[in-house]
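Undergrad: Number 537 in the numbering used here belongs to position 415 of the sequence shown; there are no gaps in the numbering. Where a beta carbon is used, it is the ideal one built from N, C-alpha and C, also for glycine. If you scroll down you'll find the structure; I have some questions about it.
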Amino acid sequence: MGGTFSLYARPDSQLPNIVFILADDLGYGDVGCYNSDSRVPTPNLDQFASEGMRFTDAHSPSTVCTPTRYSLMTGRMEFRTGYRGVFTGVGGPCLIEQERLTLPQMLRERGYTTACFGKWHIGMTFLDKDGNHIKTGGVKGVQQIDYSRAIPDAPIHRGFDHFYGTACCPTTDWLYAYIDGDRIPVPPTKLLDKSQLPKHPYGNDCRRGMVAENFDHEEVDLVFLDKSQKFLEQHVKESPDKPFFLFHSMQAVHLPSFAADQFKGKTEAGPHGDFIFEMDHVVGELLKTLERLGVADNTLVIFGSDNGPEVPTVLDMRKTHQHDGARPWRGVKRDQWEGGHRTPFIVRWPGKIKAGTTSDQLTSLTDVMATCAAISGARLPDDAAEDSYNMLPVLLSTQGDKPVRRYLLQQTMSLAMSIRDGQWKYLDHKGSGGNNYQRDGAWGMKPYALENTDPEAPGQLYDLKTDPGETNNLYSQHPEKVKELKSQLELFRNSGRSAPVHKLSAELPERDGAADDYRRVLTEADPKTNKFLNQQRAEFLGVSYRVASTKSEKFLLFHQSADEFIKAGEIGKGLRRLDSLLTALPTEGRDQIRDAESALRWSQMIGGLRLGEQDNCVAMHGPDSCLFPITGSGVHVEPRGMLLAIENLDWFLVHSPQRLDLRWLRNLTSMALGDWPEGVPEQFRMGQELFASPSDVGRFPDVAPQVGLATMGLCGGASLEDFNGDGYLDLFVSSWGPTDPVHYFENNGTGQFEDKTAAMGLAGVTGGLNLTHADYDNDGDPDVLILRGAWLGVAGHHPNTLLRNDGAKFTDVTEFSGILSFHPTQTADWGDYDRDGDLDLFIGNESGRQEVHPCELFENQGDGTFVEVAEKVGLQHAAYVKGVAWGDIDNDGDLDLYLSTMGSSNVLYENLGPASEEGRPRFRDITARATVGAPLLSFPTWFWDYDQDGRLDILAGSYGSFEESMLEGVAADYLGLPTADEGIRLYRNRGEGRFEEVSEKTEIRRTVLPMGANFGDLDGDGWLDAYFGTGQPDLATLVPNRMFRNVQGQRFEDVTSSGGFGHLQKGHGIAFGDIDHDGDQDIFATMGGAYEGDGYANVLFENPGHGHRWLTLRLSGTRSSRDARHARVRIEVKTESGPRTIHRVVGTGGSFGASSSQLEVGLGTATAVTAVTVDWPVSGRARYQGFSLDSVYSIKEGQAEPTEVQTVPFKLGTVATSPPAKD
């Protein structure tokens, strides 16, 4: 992955300095270059505009100061914090969360020195003498401050290296004192004597607070100017090669209008005009300082205001000076109308921005962060700058007329909202959203109240193109536009962002669908917080190492960078770094540095393991590569990696002989070298008997390389289905890297698969940890849903993608269908919950401590669109959901729902059937009664009838335990020792909504660590078996994927070794299906881990056959869904020992991996098929006869007889003996 589009791609390039000057309460009409009728001279700003770009449609994100300043510093709308109002006095704590990336922090990490001088007003925590946070307001709160204590969340704790300024409004507030860094060096000692201050209409907004001896209300902005100038001078003198970011935050022109003596009477616009003139002077002095120091040509300077002009200034100056600070807009500060937030915004960058240009691009102060990221080459994670757009193309005049922003959000301090869409503006409230337009007096806007043209409307809609003054409310005249904008506003509220995820411009393929318009898959992510961006993390840590100041810090950073290089696949580079660190350790006194040596050796051991895998399993891939127990051609030809691992493992075992994870790895490494078990010290040896299979199911060879399916990738999903309708099972495969392409492989019926990704319209579709498919539009072509965002928390606001299949190509219909949302997920299931013949979609989202992402139920409307109804039917569940399964637990024909979650109880929802509310069924939680809540760390799940009694049972796999390492748990389980892991849980359905936990009884309660998992009939005996992929990301967690054979519904036996299923590479999406038309099920698994360098080739295990009879059924619904999803099927057969009934359900199997929906039924030793009974979800029961053994049939809902389908078996990897038959 590269960086955000930037003029400066390398850390050591000459980055520009950045100065941001923020005026306070300066209106659009207060500046000469914006208002030709202005009565206040602003020569410096006018000259500044002539040298740069002036924006005419720029906005503060809020109509008041605190929210705007939060948004400027974070690129995020402040309403997302939930805070209402503005801070005063000792108000706090800081609104910016400690872990949130800020604009100065982002730039500091790019090598900038950062400084803030002036007004902060985003909250600080002041402490009393007992160290408690002061929550008392007014003067009393100020009087409780213990000035010997540091402020724990001052600006220097939010990304600034330097700060000198005030907590809130400098000349308005209760605390009149300067903060230097995180302390107040000169505390306030007396109450303010207001009688000594100027008296005029603009001088009353000044509270009688506590004032420090060095605080002069009329000199504040000159003090801030002096601090900024001295910072610039010192920085250029001491660090001329290092870029700086200066945030100069003025008091001017917030009331009270106390201009310094030298500016009084300088204008003909009264005291407030003089104050504006002083503000303009400050801007000019800062620009002159840059010129004097010789840095102006490489300095980007931005000027803006935090909101519109204040009420008294506008009222009085309109009357007495014919000056309108809000001109030409309606509204003032606090109002949601344009005058409250459309503000001056000017940018100068010599040599980059064309002088004297004007832009009508829609922009906001929130956009400063993404723009500065693009300029500096900073990487923005998904959980930062969520409402910030990159305006750099506009500044460079490369954008043209195409808007960067389509939408713009605005808020008031009461969290009233508005949204712009081009010329249209929607306000979600009546009135101004701020000021009282029925009020008289100095703060009364009554003289400027306009007639409400739509008094009954609950909101407002304006066409700014024809009505820029917002005089004509069109709310009732354009209900569709209101509905559209209201919906978009809610989407932005609930999705957590309004800007696209910050992306890699050079790597963005063009796509038509909504998910790719947002381009949230090809993301810019933060290498500091996203542990899976290993190459970027290694580079970032390397830069950090070079600037670190202490030996211990350098040691740690160099070690961490070595780990990241190993995870990124650059193992040699990582090992060389580790070797240099180990060599540097002193030879004497090693006991005192045991922890440091242990950490380095552990990393070196992991590097050795992965080097062995790369040298052998990847570079010399063969049929036995990385299959556990390692034998035959799986033994490593190149031993260097495992020898290095053994060297370190033996060192560890001397010091920690009791550790089972070390014991496991020591046996594994010896296997890889071909000297197991003899090569393992006897006390650590794990015998061959521990891994032997009790039954021989025959070897399932991996034929993926021979058939064209051995693509390399990371963890991902798999869907096995006949996507093009030719009768052969095709494969749709994903890999979770944001730029990893999906692959569509078409089965040609001659033993080979052809990559038809581009031909099917899938070029540019990327990412996805999981897949699921279904014919949601009932056209006979299976469609695909790609699931994204899992494990990433606040950075996982990725859209899923719904791809509609027309048999010839896939089309992205995510937005059109109505399922577009932005939640982290990897699990979903299709089912007709309301039995109307259309498949509905339930998506299990991941809620964590930082964010809540309720699950979603999208109800199919039958016209290709969906409506989200989870809350209406009682399914708006919020948990860390990792598995979802529909199934009818009580055989009443209605689908019930099971959710597998991590860190909370699993949940079983009962479908109560046809209900009253809009004709929708409702659900109730019956988990307690059903006793199916375990395990605590639950992952894959499914419904199945494992004991063939006609009732659906539940399986839920445990992903380990908080109390032990995952590797130790697996080793303990193999050794028969106790383990904290809850193991795989199997719940037998006893009827009447009650279940019995039988995992111990059936011997499946094993520690497996499953992610990808699915079930099928391994040996064709009619009993359903289960295969589990072990996808834990840690490179040291080398454990086999596991296959469990169902022994006549009584118990499960581990046949991993005999079948050759024990792949040590990470296993994810798993699918069972009869790919070669020989009547038995082959098994596909998507391989690869989560770290960038942990890729592996996907596998296809070919079933060798077991001589059992079989029957394949392809069901097609007419009243039920076209793919007959969740139809219950009962196959009655004759055997030599008597009649037998086999139960199946149409579906794709488990929650991580999707098998074919055709029923491939092993019949064991059956001698004849008596009948097949189908319970169709809509039309009910139908009985069919006339079946032959070892045959394929299609059954259509409503038809009396099945139709036999002629198929020809073929050998995988070779040419069939007959041409491929068409169904």
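Kindly indicate which three-state DSSP category aspartate 638 falls into: helix, strand or coil?
TA: Here aspartate 638 scores only 42 on pLDDT, less than 50, and its place in the model is too uncertain to base an answer on.
Undergrad: Do you know how far the Cα of valine 1221 is from the Cα of histidine 463?
TA: If you take the alpha carbons of histidine 463 and valine 1221, they lie about 58 angstroms apart.
Undergrad: What does the alpha-carbon distance come out to for the pair serine 1238 and glycine 849?
TA: Spanning the two alpha carbons is a distance of roughly 14 angstroms.
Undergrad: According to DSSP, what are the bridge partners of aspartate 934?
TA: Its beta-bridge partners are Leu925.
Undergrad: Taking buried to mean at least 16 other C-beta atoms within 10 Å of its own C-beta, is alanine 880 buried or exposed?
TA: The residue in question, alanine 880, is exposed, as its Cβ has fewer than 16 Cβ neighbours within 10 Å.
Undergrad: By the 10 Å Cβ neighbour count, where 16 or more other Cβ atoms means buried, how is histidine 339 classified, buried or exposed?
TA: Buried, because 16 or more other Cβ atoms sit within 10 Å of the Cβ of histidine 339.
Undergrad: Measure the beta-carbon distance from glutamate 508 to glycine 204 and round it to whole angstroms, keeping in mind my assumption that it falls under 8 angstroms.
TA: Contact doesn't hold; Cβ gap of about 15 angstroms is too wide.
Undergrad: If the criterion is Cβ atoms closer than 8 angstroms, does the pair valine 264 and valine 212 meet it?
TA: Taking 8 angstroms as the Cβ cut-off, valine 264 and valine 212 qualify as a contacting pair.
Undergrad: Less than 8 angstroms between the C-beta atoms of threonine 888 and histidine 865, yes or no?
TA: Taking 8 angstroms as the Cβ cut-off, threonine 888 and histidine 865 do not qualify as a contacting pair.
Undergrad: Report the rounded CA-to-CA distance for threonine 861 versus proline 1261, giving the unit in angstroms.
TA: Spanning the two alpha carbons is a distance of roughly 54 angstroms.
Undergrad: Work out the CA separation of asparagine 1168 and tyrosine 1068 for me, nearest whole Å.
TA: So the two alpha carbons sit approximately 8 angstroms from each other.
Undergrad: Counting along the chain, where does the alpha helix (DSSP H) carrying threonine 791 start and finish?
TA: Counting along the chain, the alpha helix (DSSP H) containing threonine 791 begins and ends at 782-795.
Undergrad: Just verifying my parser: in three-state terms, what is the DSSP assignment at phenylalanine 425?
TA: If DSSP states are grouped into helix, strand and coil, phenylalanine 425 belongs with the strands.
Undergrad: Ignoring anything shorter than 4 residues or poking outside the region 1234-1309, list the alpha helix (DSSP H) runs there in chain order.
TA: Fully enclosed alpha helix (DSSP H) runs of 4 or longer: not present.
Undergrad: Can you round the beta-carbon distance between alanine 660 and serine 674 to whole angstroms, since I take them to be within the 8 angstroms contact cut?
TA: Not confirmed; about 20 angstroms, so no contact.
Undergrad: Just grab the DSSP bridge partners of threonine 1063 for me.
TA: Per DSSP, Ala1078.
Undergrad: Which residues bound the beta strand (DSSP E) around tryptophan 546?
TA: Unbroken beta strand (DSSP E) run through tryptophan 546: 546-549.
Undergrad: Do threonine 465 and serine 510 have their C-beta atoms closer together than 8 angstroms?
TA: Against a cut-off of 8 angstroms, the Cβ pair of serine 510 and threonine 465 comes out as no contact.
Undergrad: Alpha carbon to alpha carbon, how far is leucine 502 from threonine 224? Give it in angstroms, no decimals.
TA: Between threonine 224 and leucine 502, the C-alpha separation is close to 10 angstroms.
Undergrad: Kindly list the residues whose CB is nearer than 6 angstroms to the CB of leucine 377, restricted to its own chain and excluding five residues on each side of it in sequence; keep chain order.
TA: Same-chain partners within the cutoff: Tyr324, Asp327 and Glu432.
Undergrad: Consult DSSP for glutamate 973 and reduce its assignment to one of helix, strand or coil.
TA: The answer is coil: DSSP assigns glutamate 973 none of H, G, I, E or B.
Undergrad: Does the Cβ-Cβ distance between histidine 999 and leucine 1021 come in under 8 angstroms?
TA: Contact: yes.
Undergrad: Suppose the cutoff is 6 angstroms on Cβ atoms and the five residues either side in sequence are ignored; what does the same chain contact list for leucine 1311 look like?
TA: Counting only Cβ-Cβ distances below 6 angstroms, and skipping sequence neighbours, we find Arg1231.
Undergrad: If we count the other Cβ atoms within 10 Å of its Cβ and call it buried at 16 or more, is isoleucine 1253 buried or exposed?
TA: With 16 or more other Cβ atoms within 10 Å, it is buried.
Undergrad: Taking the alpha carbon of alanine 334 as the reference point, which residue from Tyr300, Gln351 and Leu344 has its own alpha carbon closest?
TA: Nearest option by C-alpha distance: Tyr300.
Undergrad: Compute the beta-carbon to beta-carbon distance between asparagine 892 and leucine 909, rounded to the nearest angstrom, for a pair I have assumed lies under 8 angstroms.
TA: Yes, asparagine 892 and leucine 909 are in contact; Cβ-Cβ is about 4 angstroms, under 8 angstroms.
Undergrad: In terms of residue numbering, what span does the beta strand (DSSP E) encompassing isoleucine 1197 cover?
TA: Segment: none, isoleucine 1197 is in no beta strand (DSSP E) and carries neither H nor E.
Undergrad: Nearest CA to the CA of alanine 1099: which residue from Leu297, Gln780, His445 and Gly214?
TA: As written in the sequence, residue 1099 is leucine, which differs from the alanine given in the question. Here the closest residue by C-alpha is Gln780.
Undergrad: Could you have a look at isoleucine 278 and say whether DSSP puts it in helix, strand or coil?
TA: Residue state, collapsed to three classes: helix.
Undergrad: Under three-state DSSP, which class holds glycine 392?
TA: It is helical.
Undergrad: Alpha carbons only, please: which of Trp451, Gly555, Ile541 and Thr480 is nearest the one belonging to threonine 593?
TA: Residue Trp451 is the option with its Cα nearest to threonine 593.
Undergrad: Could you check whether the region 366-381 touches the region 232-246, counting it as contact only if at least three pairs of C-beta atoms, one from each stretch, sit closer than 8 angstroms?
TA: Result yes; three or more Cβ-Cβ pairs closer than 8 angstroms.
Undergrad: Could you pull out every residue in the same chain whose Cβ sits closer than 7 angstroms to the Cβ of proline 816, ignoring the five residues on either side in sequence?
TA: Around proline 816: Glu1175.
Undergrad: Could you give the distance in angstroms between the alpha-carbon of phenylalanine 209 and the alpha-carbon of phenylalanine 677?
TA: Approximately 43 angstroms between the Cα atoms of the pair.
Undergrad: Pair every Cβ in the region 978-985 with every Cβ in the region 954-965, then say whether three or more of these pairs are closer than 8 angstroms.
TA: Yes: the two stretches touch, three or more of their Cβ pairs being nearer than 8 angstroms.
Undergrad: Per DSSP, which one or two residues make a beta bridge with phenylalanine 875?
TA: Its beta-bridge partners are Asn869.
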